[in-house]
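S.K.: Just so you know, the protein sequences line up as chains A and B, in that order.
If you count the first sequence from 1, position 88 lands on 88 in the numbering used here, and the numbers rise without skipping.
If you count the second sequence from 1, position 159 lands on 357 in the numbering used here, and the numbers rise without skipping.
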Amino acid sequence: MSSAAITRPSIEPEWALPSRGRVGMFSLIAAEAAIFTIFVVAYIFYIGKSLSGPLPKDVLELPIFGTVCLLSSSLTIHLAVRALRNAKVGAFGLWWFVTIALGAIFLVVTGREWQRLIFEKGLTVSTNLFGTTYYSLVGLHAFHVTAGLIFLAIGMILTLLGKVKPEHSERADIFSLYWHFVDVVWVVVLTVVYVIGR
Amino acid sequence: MASETIALSVVNHGTRPIGDRLHDWVVTVDHKKLGILYILYALMFLVIGGIEATIMRIQLIVPHNHFVSPQVFNRMFTMHGTTMIFFVVMPVLFGFANYLVPLMIGARDMAFPRLNAFSFWLMALGGFLLYFSFLGGSGLYGAGNAPDVGWWAYAPLTSRAFSPGHSSDYWTLALLVSGFGSIGTAINIIATILCMRCPGMTLGKMPLLAWLNLVMAGMVILAMSPLTAAQIMLSIDRYLGGHFFDTQAGGSATIWMHFFWIFGHPEVYVLVIPAFAFASEIIPVFSRKPIFGYPVMVAATVCIGFVSMSVWAHHMFTIGMNSYANSFFAITTMAVGVPTGIKIFNWIGTMWGGKIDFKTPMLFCIGFLFQFLIAGLTGIMLGTAPFDWQLSGSYFVVAHFHYMIVGGILFALFAAFYYWYPKITGRMLNESLGKLHFWLLLIGFHLTFDVMHIPGLLGMPRRIYTYEPGRGWEVWNLITTIGTFIQGIAILLFVANLIFSYWKGPKAGNDPWDAWTLEWSVSSPPPPYNFASIPTVASRRPLWDIKHPEDPDWKYE
Numbered sequence: 001m002s003s004a005a006i007t008r009p010s011i012e013p014e015w016a017l018p019s020r021g022r023v024g025m026f027s028l029i030a031a032e033a034a035i036f037t038i039f040v041v042a043y044i045f046y047i048g049k050s051l052s053g054p055l056p057k058d059v060l061e062l063p064i065f066g067t068v069c070l071l072s073s074s075l076t077i078h079l080a081v082r083a084l085r086n087a088k089v090g091a092f093g094l095w096w097f098v099t100i101a102l103g104a105i106f107l108v109v110t111g112r113e114w115q116r117l118i119f120e121k122g123l124t125v126s127t128n129l130f131g132t133t134y135y136s137l138v139g140l141h142a143f144h145v146t147a148g149l150i151f152l153a154i155g156m157i158l159t160l161l162g163k164v165k166p167e168h169s170e171r172a173d174i175f176s177l178y179w180h181f182v183d184v185v186w187v188v189v190l191t192v193v194y195v196i197g198r
Numbered sequence: 199m200a201s202e203t204i205a206l207s208v209v210n211h212g213t214r215p216i217g218d219r220l221h222d223w224v225v226t227v228d229h230k231k232l233g234i235l236y237i238l239y240a241l242m243f244l245v246i247g248g249i250e251a252t253i254m255r256i257q258l259i260v261p262h263n264h265f266v267s268p269q270v271f272n273r274m275f276t277m278h279g280t281t282m283i284f285f286v287v288m289p290v291l292f293g294f295a296n297y298l299v300p301l302m303i304g305a306r307d308m309a310f311p312r313l314n315a316f317s318f319w320l321m322a323l324g325g326f327l328l329y330f331s332f333l334g335g336s337g338l339y340g341a342g343n344a345p346d347v348g349w350w351a352y353a354p355l356t357s358r359a360f361s362p363g364h365s366s367d368y369w370t371l372a373l374l375v376s377g378f379g380s381i382g383t384a385i386n387i388i389a390t391i392l393c394m395r396c397p398g399m400t401l402g403k404m405p406l407l408a409w410l411n412l413v414m415a416g417m418v419i420l421a422m423s424p425l426t427a428a429q430i431m432l433s434i435d436r437y438l439g440g441h442f443f444d445t446q447a448g449g450s451a452t453i454w455m456h457f458f459w460i461f462g463h464p465e466v467y468v469l470v471i472p473a474f475a476f477a478s479e480i481i482p483v484f485s486r487k488p489i490f491g492y493p494v495m496v497a498a499t500v501c502i503g504f505v506s507m508s509v510w511a512h513h514m515f516t517i518g519m520n521s522y523a524n525s526f527f528a529i530t531t532m533a534v535g536v537p538t539g540i541k542i543f544n545w546i547g548t549m550w551g552g553k554i555d556f557k558t559p560m561l562f563c564i565g566f567l568f569q570f571l572i573a574g575l576t577g578i579m580l581g582t583a584p585f586d587w588q589l590s591g592s593y594f595v596v597a598h599f600h601y602m603i604v605g606g607i608l609f610a611l612f613a614a615f616y617y618w619y620p621k622i623t624g625r626m627l628n629e630s631l632g633k634l635h636f637w638l639l640l641i642g643f644h645l646t647f648d649v650m651h652i653p654g655l656l657g658m659p660r661r662i663y664t665y666e667p668g669r670g671w672e673v674w675n676l677i678t679t680i681g682t683f684i685q686g687i688a689i690l691l692f693v694a695n696l697i698f699s700y701w702k703g704p705k706a707g708n709d710p711w712d713a714w715t716l717e718w719s720v721s722s723p724p725p726p727y728n729f730a731s732i733p734t735v736a737s738r739r740p741l742w743d744i745k746h747p748e749d750p751d752w753k754y755e
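(1) Mapping DSSP to helix, strand and coil, what is Thr-203 of chain B?
(2) Going by DSSP in three states, Ser-357 of chain B sits in which element: helix, strand or coil?
(3) Enumerate in chain order the residues of its own chain whose CB-to-CB distance from Trp-179 of chain A is below 6 Å, with the five nearest sequence positions on each side excluded.
(4) Where does Ser-592 of chain B fall in DSSP's three states?
(5) Of all the options B:Leu-561, B:Thr-390 and B:Phe-292, which has the alpha carbon lying nearest to the alpha carbon of Ala-309 of chain B?
(6) For a test of your reading of the model: does the CB of His-456 of chain B fall under 7 Å from any non-hydrogen atom of the ligand FMN? Yes or no.
(7) Which residue wins for smallest C-alpha separation from Gly-53 of chain A, given the options A:Ala-142, A:Thr-124, A:Phe-151 and A:His-141?
(8) Put Arg-738 of chain B into one of helix, strand or coil per three-state DSSP.
(9) Determine, using beta carbons only, whether Leu-17 of chain A comes closer than 8 Å to chain B.
(10) Which ranges does the beta strand (DSSP E) cover as unbroken runs of at least 3 residues, wholly within the stretch 600-655 of chain B, from first to last along the chain?
(11) With a threshold of 8 Å between beta carbons, is Arg-395 of chain B in contact with chain A?
(12) Can you tell which of A:Arg-22, A:Tyr-46, A:Phe-36 and A:Trp-15 has the C-alpha that lies nearest to the C-alpha of Ile-453 of chain B?
(13) Output, in chain order, the set of chain A residues within a Cβ distance shorter than 7 Å of Pro-424 of chain B.
(14) At what residue ranges does the stretch 50-110 of chain A contain a whole run of the alpha helix (DSSP H), taking only runs of 4 or more?
(15) Taking the alpha helix (DSSP H) that Gln-429 of chain B belongs to, which residues open and close that run?
(16) Of all the CB atoms in chain A, is at least one closer than 8 Å to the CB of Phe-442 of chain B?
(17) Any idea if His-264 of chain B is buried or exposed, counting beta-carbon neighbours within 10 angstroms, 16 or more meaning buried?
(18) Return yes when the Cβ of Cys-393 of chain B is within less than 8 Å of the Cβ of Leu-28 of chain A, no when it is not.
(19) Roughly how many angstroms lie between the CA atoms of His-513 of chain B and Pro-464 of chain B, to the nearest whole one?
(20) Count the CB pairs spanning the stretch 399-410 of chain B and the stretch 474-483 of chain B that are closer than 8 Å, and state whether there are at least three.
(21) When the Cα atoms are used, what is the spatial distance from Ala-736 of chain B to Tyr-663 of chain B?
(22) For Asn-411 of chain B, count the other beta carbons within 10 Å of its own beta carbon; 16 or more makes it buried, fewer makes it exposed. Which is it?
(23) Output needed in chain order: residues of the stretch 302-323 of chain B with a Cβ under 9 Å from some Cβ in chain A.
(24) I'd like to know whether the C-beta atoms of Gly-181 of chain A and Ala-427 of chain B end up nearer to each other than 8 Å.
(25) Mind pulling the chain B residues with CB within less than 9 Å of Arg-20 of chain A?
(26) Is there contact here, the stretch 567-581 of chain B with the stretch 630-638 of chain B, by at least three beta-carbon pairs under 8 Å?
(27) Who are the near neighbours of Ser-336 of chain B in its chain, counting only those whose CB is closer than 6 Å to its CB and skipping five residues on each side?
(28) Per DSSP, Lys-705 of chain B is paired with what?
(29) Taking 8 Å as the threshold (beta carbon to beta carbon), is Val-23 of chain A in contact with chain B?
(30) How many whole angstroms separate the CB atoms of Ala-240 of chain B and Phe-285 of chain B, which I take to be in contact at a CB cut-off of 8 Å?
(31) Hey, could you find the ends of the alpha helix (DSSP H) Arg-255 of chain B is sitting in?
(32) How big is the Cα-Cα spacing for Asp-222 of chain B and Asp-346 of chain B?
(33) Any C-beta of chain B sitting closer than 8 Å to the C-beta of Phe-45 of chain A?
(34) Is Val-185 of chain A close to chain B, meaning its C-beta is less than 8 Å from at least one C-beta of that chain?
(35) So does the stretch 318-338 of chain B actually touch the stretch 353-370 of chain B, counting three or more Cβ pairs closer than 8 Å?
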């Protein structure tokens, strides 16, 4: 009997499981992706079904500047995380701040576009199906950018207070997954709304 | 083993004032307390939803009855459906998942305890919002005060023109808020199972309950999100004047159906997979055999998870899709029966040649098995598009899905209550009351739902508040209502048993059923930290290995 206990297979010394933050964030991204999928499907389904104007080809302009800003913020947040992993807190703060600035510029660009559409072109969420689907999809994305900026700002405040240490690089890394996801969604939204839908 | 020998110093809560103890429950982040909160919350709504069902059945007991008005009848079936799906079955399953998963995988808590508490309170807020509509839903219009659009809330019924006042807004908000709660809990369950397992518990050695809840949580993430998106769109339509589902402006009512059923059909599997999980834990213990075909069970569950994502439009055969779409969804619906059948054979294979102990949990599991099978068979019937054209929207459909939810899921849930109540409270439930509960519920269930198929076949549509005499529906409706009352008595017996046994039941000890999974290695109820030292496991039945060192499982796995 006791020999059975002795021959019991030993557990491998390194019992490594995936990081819960990473798994949690990927699950959240999966859920968000499903939500965006439904909005994108609705947008595509309703392309060309509006009964009255204004139509996308009349009013939409490709937001190249905002897109460049948002997509390059993915690079800057990556540089920020890498700096923190290498214990360069100063460089981290700098890149983190650039990320916030780029995200904020994107939001401002979107805001100006909406202002132009609402006050010059007379397109609101209740004007026609294009208005409904456009403001919903772009708005949902802008909401996610805003949420990301709030978290980035909290990180910035903590950095300025000197609370961010190299051991927090894992957390910054996990948050950056969300930011990359928001960027990828923008690529989809841009393609669907400004390329296919126009 | 180690945790059995360590004396546990549980803080004596009895001496503290009641306000402090209640405060503990409100601010708790302990997965066990949150699990109990989920379960109690669901039981409260079970009674409310049951009362709504009874009101409908009293109204339908004879033709031309005037027990409630047509308007109230509409509110009753809407609230009954919404309550039972979102605020009874979902929370009770999350409750059990919360309570059991960390204990079964040898963890001290969920991966994100605060997210866990947040998710519960979101879901609780959702339920209270839904029921607040009885008080605050009428708005300025003197319109209906509770949602009355059916639990699918098909467009354009939910548009401002047909649903004035705020009742549909309460419905939307309640599902939106509780949907966020569900997604939070699902993320938590996935992270817990993947990242918190004790040493030695590889994915292949996890209890089936953990595996099945992992699949369930993945499905919640993929299925709940479309509903959330659809609710956001509906809110945009109702509050901001959007046109998503507004046919007058070129919108489509059909796309709401698609969005709803992309959620709605996987939701059925979200509800039934945890029921499978209970059966997969309980049947082996009371058959005194390990589960038959563990890897196949896991594969079948994952397969159900995938296939069930592509069957949704079988709810929509009557809207006039083309023959390719009809064929596709009929074939996928048939296909999902295959892995489900595999599971049924595996449970029978587990019982086959076992030393079956007919305790109450096992009785409920056997009831689950056969009733679930019949519900699956009528599901295959309805999955055949031409048959569905005849019977969609009839009482046959109502009978089918209640067979699934009551006969399948609820029976498995009661098995879970009888099986894990000793772990949660430290006391056994009364066995004779339990057996009486089982037989009464069985009789009431079959009186109600076997018979309900017949008026459906005779052409009785669902959601009608009364009917003409002389169509041959009277006697079946009478029997159905009588069965409802027998089920009601059975549920009251169960609630009485829960309360009575909490104080008077015999002490359970750590392991009253001679079971094999880790939750039975700790005291009943478990200490706040679950495990004094984190256990190490070498097989799927760690307690068997401890109890039978001469013939441990890890030799064969």
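Glycine included, each C-beta is placed from N, C-alpha and C at the ideal position.
In this text the structure is predicted, and so the values were computed from the model without any measurement.
M.R.: Reading off the structure:
(1) What you label residue 203 of chain B is simply residue 5 of the second sequence in a count that begins at 1. For Thr-203 of chain B, the pLDDT reaches just 44, beneath the cut-off of 50, and the residue's location in the model is therefore unreliable, leaving the point undetermined.
(2) Translated into positions along the second sequence, residue 357 of chain B becomes position 159. Residue state, collapsed to three classes: coil.
(3) For the purposes of this step, residue 179 of chain A is taken as the residue at position 179 of the first sequence. Closer than 6 Å at the Cβ level, and outside the excluded window around Trp-179 of chain A, lie Ile-77 and Gly-148.
(4) Position 394 of the second sequence, counted from the first residue, corresponds to residue 592 of chain B. In this structure, Ser-592 of chain B counts as strand in the three-state DSSP scheme.
(5) Taking the second sequence and counting its residues from 1, one reaches residue 309 of chain B at position 111. The candidate whose alpha carbon is nearest that of Ala-309 of chain B is B:Thr-390.
(6) In the structure shown, the ligand FMN is absent, as is every other ligand, since no ligand is present at all.
(7) Numbered from its first residue, the first sequence carries residue 53 of chain A at position 53. Gly-53 of chain A has its Cα closest to that of A:Thr-124, out of A:Ala-142, A:Thr-124, A:Phe-151 and A:His-141.
(8) On the second sequence, residue 738 of chain B is found 540 positions in, with the first residue counted as 1. Three-state DSSP puts Arg-738 of chain B in coil, outside helix and strand.
(9) Counted from its first residue, the first sequence places residue 17 of chain A at position 17. True, the Cβ-Cβ gap to chain B drops below 8 Å.
(10) none
(11) Walking along the second sequence from the start, residue 395 of chain B turns up at place 197. Judged by the 8 Å Cβ criterion, Arg-395 of chain B is in contact with chain A.
(12) Here residue 453 of chain B refers to the residue found at position 255 when the second sequence is read from its first residue. Ile-453 of chain B has its Cα closest to that of A:Tyr-46, out of A:Arg-22, A:Tyr-46, A:Phe-36 and A:Trp-15.
(13) Numbered from 1 along the second sequence, position 226 holds the residue referred to as residue 424 of chain B. What Pro-424 of chain B touches in chain A: Ala-34 and Ile-38.
(14) The stretch 50-110 of chain A contains these whole alpha helix (DSSP H) runs: 56-59 and 64-85.
(15) For this step, residue 429 of chain B is matched to residue 231 along the second sequence. Where Gln-429 of chain B is concerned, the enclosing alpha helix (DSSP H) stretches over 406-438.
(16) Against the second sequence, residue 442 of chain B aligns to sequence position 244. Yes, Phe-442 of chain B counts as interfacial toward chain A.
(17) Here residue 264 of chain B corresponds to residue number 66 of the second sequence, with the count starting at 1. Residue environment for His-264 of chain B: exposed (fewer than 16 other C-beta atoms within 10 angstroms of its C-beta).
(18) Residue 28 of chain A sits at position 28 when you count from the first residue of the first sequence. Residue 393 of chain B sits at position 195 when you count from the first residue of the second sequence. No. Outside cutoff.
(19) In the second sequence, residue 513 of chain B corresponds to position 315, counting from 1. In the second sequence, residue 464 of chain B corresponds to position 266, counting from 1. Rounded to whole angstroms, the gap between the alpha carbons of His-513 of chain B and Pro-464 of chain B is 12 Å.
(20) yes
(21) As a working note, residue 736 of chain B is residue 538 in the second sequence. As a working note, residue 663 of chain B is residue 465 in the second sequence. Each residue's alpha carbon lies about 59 Å from the other.
(22) Numbered from 1 along the second sequence, position 213 holds the residue referred to as residue 411 of chain B. When all chains shown are included, Asn-411 of chain B counts as buried.
(23) Ala-309, Phe-310 and Leu-313
(24) Position 181 of the first sequence, counted from the start, is the residue given in the question as residue 181 of chain A. Position 229 of the second sequence, counted from the start, is the residue given in the question as residue 427 of chain B. According to the sequence displayed, residue 181 of chain A carries Phe and not Gly. Not a contact, by the Cβ cut-off of 8 Å.
(25) Within the first sequence, numbered from 1, the residue matching residue 20 of chain A stands at position 20. Ala-309, Phe-310, Ala-389, Thr-390, Leu-392, Cys-393 and Met-394, listed in chain order.
(26) no
(27) In the second sequence, counting from the first residue as 1, residue 336 of chain B sits at position 138. Same-chain partners within the cutoff: Asn-343 and Gly-363.
(28) Numbered from 1 along the second sequence, position 507 holds the residue referred to as residue 705 of chain B. B:Arg-625.
(29) Working through the first sequence from its first residue, we reach residue 23 of chain A at position 23. Yes, Val-23 of chain A lies at the interface with chain B (some Cβ there is under 8 Å from its Cβ).
(30) Taking the second sequence and counting its residues from 1, the one referred to as residue 240 of chain B is at position 42. Taking the second sequence and counting its residues from 1, the one referred to as residue 285 of chain B is at position 87. Indeed, because the Cβ distance is near 7 Å, the residues count as touching under 8 Å.
(31) By one-based count along the second sequence, residue 255 of chain B stands at place 57. Taken as a continuous stretch (DSSP letters only), the alpha helix (DSSP H) holding Arg-255 of chain B covers 229-257.
(32) Within the second sequence, numbered from 1, the residue matching residue 222 of chain B stands at position 24. Within the second sequence, numbered from 1, the residue matching residue 346 of chain B stands at position 148. When rounded, the distance between both Cα atoms is 38 Å.
(33) Locating residue 45 of chain A in the first sequence gives position 45, counting from the first residue. Chain B contact via Cβ: present.
(34) Here residue 185 of chain A corresponds to residue number 185 of the first sequence, with the count starting at 1. So no, Val-185 of chain A is outside the interface.
(35) Between the stretch 318-338 of chain B and the stretch 353-370 of chain B, the count of Cβ pairs shorter than 8 Å is three or higher; the stretches touch.
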